[in-house]
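Student:
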Amino acid sequence: MRIVGLAEAKAQLSALLEAVEMGDEVVITRRGQPVARLVREIPAPVEEAPTPWLERLRRFHDHQAPFPGDAVALVGELRRDRG
0 MRIVGLAEAK AQLSALLEAV EMGDEVVITR RGQPVARLVR EIPAPVEEAP TPWLERLRRF
60 HDHQAPFPGD AVALVGELRR DRG
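For the sequence shown, counting from 1, position 69 maps to 68 in numbering that gives the first Met the number 0; every step adds exactly one.
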């Protein structure tokens with residue numbers, strides 16, 4: 000694990016990222032106190048691709064019960080009730 004100050008991290012960011020890519024861990028400090036940790040990104044498993052939002056919306060809609068009445072009549076009734 001490598002510990003660097005903020006000024007050094009700014010000046011050497013590319014080199015620090017290369018070290019992280021190689022598996023090193025970098026802690027960035029401000030006034031001697033640790034404030035951030037750079038670690039290598041772990042890629043998400045490729046085998047399970049996220050479901051597109053539209054397909055998720057369609058599946059949600061398919062599981063909803065149909066509206067039992069007339070939407071126009073319901074809106075009219077709500078407006079009358081509000082006065």
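For each residue, glycine too, the CB sits at the ideal point set by N, CA and C.
Here the structure is a predicted model, which means the values were calculated and not measured.
Check this for me: beta carbons of Arg-39 and Gly-22, under 8 Å apart or not?
Tutor: It is a contact, given that the beta carbons lie within the stated cut-off.
Student: Taking the straight line between their C-alpha atoms, what separation do you get for Ala-35 and Ala-18?
Tutor: Near 15 Å, if we compare the C-alpha coordinates of Ala-18 and Ala-35.
Student: Rounded to a whole number of angstroms, what is the C-alpha to C-alpha distance between Arg-74 and Arg-57?
Tutor: Note that residue 74 corresponds to Val in the displayed sequence, not to Arg. So the two alpha carbons sit approximately 25 Å from each other.
Student: By a C-beta neighbour count over all protein chains shown, 10 Å radius and 16 as the cutoff for buried, is Leu-15 buried or exposed?
Tutor: Burial call: buried.
Student: On a CA-only basis, which of Glu-20, Thr-50 and Trp-52 is nearest Leu-37? Give me that one, please.
Tutor: For Leu-37, the nearest C-alpha among the options comes from Glu-20.
Student: Determine the direct distance from the alpha carbon of Pro-42 to that of Ala-64, and round the result to whole angstroms.
Tutor: Approximately 39 Å between the Cα atoms of the pair.
Student: Give the C-beta separation of Ile-28 and Leu-53 to the nearest angstrom, bearing in mind that I take them to be a contact with Cβ-Cβ under 8 Å.
Tutor: With the sequence shown as reference, residue 28 is identified as Thr, and Ile is not the correct amino acid for it. Actually they do not touch by this definition, with Cβ atoms about 46 Å apart.
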